[in-house]
Structure formats: C-alpha cells, structure tokens
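First residue of the sequence shown: 23, per my numbering; consecutive thereafter.
Even glycine gets a Cβ: it sits at the ideal position worked out from N, Cα and C.
Shown next, in structure tokens, is the structure this report addresses.
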Amino acid sequence: MRIVSLCPSLTELVFDLGAGQELVGRTKFCVHPAGLVDAVEKVGGTKNPKVERIIALAPDLVLMNEEENRAEDAEALRRAGLRIHASLPRTAAETAAMVRSIGIALHRPREAEGIAADIERRADRVRRDAARYPPVRYAALIWREPLMAVNDDTFIAGLLSLPGGRNVFGARPDRYPVVSTQELHDADPLVVLLPSEPYPFQDRHADELAAATGLPRARFRLADGELLSWHGSRTPQGIDYAERLLREQGMGNRE
Numbered sequence: 023m024r025i026v027s028l029c030p031s032l033t034e035l036v037f038d039l040g041a042g043q044e045l046v047g048r049t050k051f052c053v054h055p056a057g058l059v060d061a062v063e064k065v066g067g068t069k070n071p072k073v074e075r076i077i078a079l080a081p082d083l084v085l086m087n088e089e090e091n092r093a094e095d096a097e098a099l100r101r102a103g104l105r106i107h108a109s110l111p112r113t114a115a116e117t118a119a120m121v122r123s124i125g126i127a128l129h130r131p132r133e134a135e136g137i138a139a140d141i142e143r144r145a146d147r148v149r150r151d152a153a154r155y156p157p158v159r160y161a162a163l164i165w166r167e168p169l170m171a172v173n174d175d176t177f178i179a180g181l182l183s184l185p186g187g188r189n190v191f192g193a194r195p196d197r198y199p200v201v202s203t204q205e206l207h208d209a210d211p212l213v214v215l216l217p218s219e220p221y222p223f224q225d226r227h228a229d230e231l232a233a234a235t236g237l238p239r240a241r242f243r244l245a246d247g248e249l250l251s252w253h254g255s256r257t258p259q260g261i262d263y264a265e266r267l268l269r270e271q272g273m274g275n276r277e
C-alpha cells in the first residue's frame with residue numbers, strides 16, 4: 023500500500039500502526055518519529071501541499087485533517103481519483119474512533135485497537151479521578167499577535183476537559199477567538215496555558231502577559247503543544263499530560 027500523510031500527528035500514527043514503510047509522502051512539518059520520517063519524501067506543507075507531486079506518487083490513500091489541511095486541496099486530489107481519509111477529532115472518544123478508522127483503512131485493525139483502547143482507558147480514568155477535585159478554570163492561548171485562545175469545540179479543550187478543566191473562553195462562537203488582555207484579566211482563569219505550538223510561547227511571553235493582564239505570573243504555564251494538540255498515537259500520553267498540568271497548576275495557584 024502507498025500512503026501520503028498531510029498531517030504531522032497522522033504521519034506519526036502511520037508509523038505507530040506499523041505501516042511506516044508504506045509511507046511515500048509527508049509534509050515538511052511531519053517530524054515524528056524522529057529519524058524514521060527522514061527517508062520519506064516531503065510534499066510541501068499542510069496548507070500548501072504539492073498537489074501535482076502527490077498525484078504523481080500515485081498513493082492508495084491520502085490522510086488529511088479537516089483543520090490542518092485545505093478543503094480545496096482535498097477536492098483537487100479527489101478529482102484526480104485519489105482516495106482521501108479526512109478527519110477532525112475534537113475529543114478523546116472521537117480520536118479513538120479515528121484511530122480505528124485509519125487502522126482499518128491501512129489494514130492494521132489490531133494495532134489500531136490497541137491505541138484506541140488505551141485512549142479510552144486513560145480518558146475514563148482521568149474523568150473518574152476528576153470528580154475528586156474542584157474544577158480548574160483555564161485559558162489556553164495558541165497565538166500571540168493577535169492574542170488567540172481556544173473555545174470548547176477544539177481538541178485541546180476536549181483533552182483539558184477530562185481532568186476537570188473549565189475553559190473561560192469555551193462558549194465563544196469562534197473556535198479560535200481573538201481575545202484582549204483585558205478580557206483575559208476579566209475572565210480570571212486560574213491557569214493560562216501557553217503551548218509551544220502553533221505559536222512558540224516562551225517565558226518572556228508569560229512575563230509580558232502577566233504584566234499586561236495584572237494576573238499573577240504563577241498562573242502562566244508553558245506547555246507542550248504536541249501533547250496537547252496532536253491527535254492519534256500521542257493522545258494517551260497527552261491525556262495524562264493534561265491531567266498533570268491542571269493538577270499541578272490548580273493545586274498550586276489557589277489564592
């Protein structure tokens with residue numbers, strides 16, 4: 023089977039399902055598993071894939087994400103007769119279903135079931151344990167200029183809801199709402215998460231935001247963006263990570 027993956031987390035999943043040797047194309051952002059992806063041809067980025075080159079590679083399946091990739095590229099590949107598997111999981115349950123679906127498409131159902139079941143087990147455990155703790159009000163920022171957060175219709179929010187996270191911008195109509203420093207102050211989150219991607223937040227940005235919002239610096243926490251936003255075989259680890267983040271910050275920042 024010949025596979026092209028246009029989403030970094032799905033590229034990693036292909037390898038973890040044992041089908042890495044069948045991958046003939048990936049984006050320049052597909053960097054995991056480190057070393058193993060180096061032998062796979064790059065076919066552009068997630069937003070600007072080399073459509074003609076992908077067609078020339080004659081893959082049996084192209085893996086895409088409905089948010090990471092553009093609908094017009096998916097349509098161009100379909101018009102060329104290529105089979106597309108597109109997904110957009112927002113929760114752990116939807117991620118488990120996606121893993122099973124891709125596993126069937128890649129003829130790796132047993133391997134996929136192991137990952138999907140692990141996602142479900144960990145999600146159930148974290149959800150149960152959350153009942154022992156008070157909810158943690160949080161904001162998760164994904165961009166700096168302009169300042170952007172996530173609403174509840176996102177994978178990040180779905181992951182953080184498992185350990186009892188309550189998104190202060192969760193009800194915003196836009197999935198990635200633009201927010202002001204005044205709005206962040208008024209929302210008064212106990213924790214402000216600053217993931218390493220898509221914007222590479224650093225300590226100095228946390229310092230700036232604390233000064234601009236008037237919120238205590240201790241509430242701002244740098245976070246691993248891959249663990250919070252990569253859906254697939256990284257999700258079991260991401261679930262545990264989301265729990266640690268909220269437990270550590272929530273218990274330490276109750277003024």
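Practice task
Name, in chain order, the residues that DSSP records as bridge partners for T47.
Solution key: Looking up residue 47 in the sequence shown gives position 25. The amino acid occupying residue 47 in the given sequence is Gly; Thr does not appear at that position. Answer is V26, bridged to G47.
Handout entry: Simplified DSSP assignment, three categories, for S242
Key = Along the sequence shown, one-based indexing puts residue 242 at 220. It is worth fixing the name first, because residue 242 is Phe in this sequence and not Ser. Strand.
Problem - Reduced DSSP secondary structure (H/G/I, E/B, other) of R188 - result: Start at 1 with the first residue of the sequence shown, and residue 188 comes out as number 166. Here R188 sits in strand by DSSP.
Practice task
Indicate the three-state DSSP secondary structure (helix, strand or coil) for Y155 in the structure shown.
Solution key: Within the sequence shown, the letter at position 133 stands for residue 155. In the structure shown, Y155 sits in coil (DSSP, three-state: anything other than H, G, I, E or B).
Exercise for the section: Return the chain-ordered list of same chain residues with a C-beta closer than 7 angstroms to the C-beta of G42, the five sequence neighbours on each side being excluded. Expected result: Along the sequence shown, read from residue 1 onward, the residue named residue 42 stands at position 20. V36 and L58.
Practice task
Compute the Euclidean distance between the alpha carbons of R130 and V172, then round it to the nearest angstrom.
Solution key: Looking up residue 130 in the sequence shown gives position 108. Looking up residue 172 in the sequence shown gives position 150. In a straight line, the C-alpha of R130 is about 33 angstroms away from that of V172.
Handout entry: L28 beta carbon less than 7 angstroms from that of G125
Key = Taking the sequence shown and counting its residues from 1, the one referred to as residue 125 is at position 103. Taking the sequence shown and counting its residues from 1, the one referred to as residue 28 is at position 6. Contact: no.
Handout entry: Unbroken stretches of the alpha helix (DSSP H), 4 residues or longer, contained in the segment 99-169
Key = 114-127 and 131-152
Problem - Beta-carbon gap between A138 and V121 smaller than 7 angstroms - result: Indexing the sequence shown from 1 puts residue 138 at position 116. Indexing the sequence shown from 1 puts residue 121 at position 99. It is a contact, given that the beta carbons lie within the stated cut-off.
Problem - 7 angstroms CB neighbourhood of H227 in its chain, flanking five on each side removed - result: As a position in the sequence shown, residue 227 is number 205, starting the count at 1. R166 and L216, listed in sequence order.
Handout entry: Beta-carbon gap between L212 and A264 smaller than 7 angstroms
Key = As a working note, residue 212 is residue 190 in the sequence shown. As a working note, residue 264 is residue 242 in the sequence shown. No; because the gap between Cβ atoms is not below 7 angstroms, this pair is not in contact.
Handout entry: One or two residues paired with P195 in a DSSP bridge
Key = For the purposes of this step, residue 195 is identified with residue 173 of the sequence shown, where counting begins at 1. Paired residues: none, contrary to the question.
Exercise for the section: Identify which residue in A108, A161 and G103 has its Cα closest to the Cα of R188. Expected result: Here residue 188 refers to the residue found at position 166 when the sequence shown is read from its first residue. With distances taken between Cα atoms, R188 lies closest to A161.
Problem - Sequence-distant residues of its chain with Cβ nearer than 6 angstroms to V65 (five each side left out) - result: Along the sequence shown, one-based indexing puts residue 65 at 43. If we look at V65 and ignore the five residues flanking it on each side, its Cβ neighbours are G47, P71, K72, R75 and I76.
Practice task
From the DSSP output, in three-state form, read off V65 for me.
Solution key: Counting from one through the sequence shown, the residue named residue 65 turns up at place 43. The answer is coil: DSSP assigns V65 none of H, G, I, E or B.
Exercise for the section: Pull up the distance between the alpha-carbon of E94 and that of P238, whole angstroms please. Expected result: Residue numbering aside, residue 94 sits at position 72 when the sequence shown is read from its first letter. Residue numbering aside, residue 238 sits at position 216 when the sequence shown is read from its first letter. The alpha-carbon atoms of E94 and P238 are separated by roughly 44 angstroms.
Problem - Continuous alpha helix (DSSP H) stretch holding L215: start and end - result: Along the sequence shown, one-based indexing puts residue 215 at 193. From DSSP, L215 is part of no alpha helix (DSSP H) but of the beta strand (DSSP E) over V213 to P217.
Exercise for the section: Out of A115, P222 and L85, point me to the one whose CA is closest to R105's CA. Expected result: Looking up residue 105 in the sequence shown gives position 83. Closest by alpha carbon: L85.
Problem - Reduced DSSP secondary structure (H/G/I, E/B, other) of L39 - result: In the sequence shown, residue 39 corresponds to position 17, counting from 1. Correct three-state label for L39: coil.
Exercise for the section: Check whether the Cβ atoms of F242 and V214 sit closer than 7 angstroms, and answer yes or no. Expected result: As a first step, residue 242 must be located in the sequence shown, where it is residue number 220. As a first step, residue 214 must be located in the sequence shown, where it is residue number 192. In contact: F242 and V214 (Cβ atoms closer than 7 angstroms).
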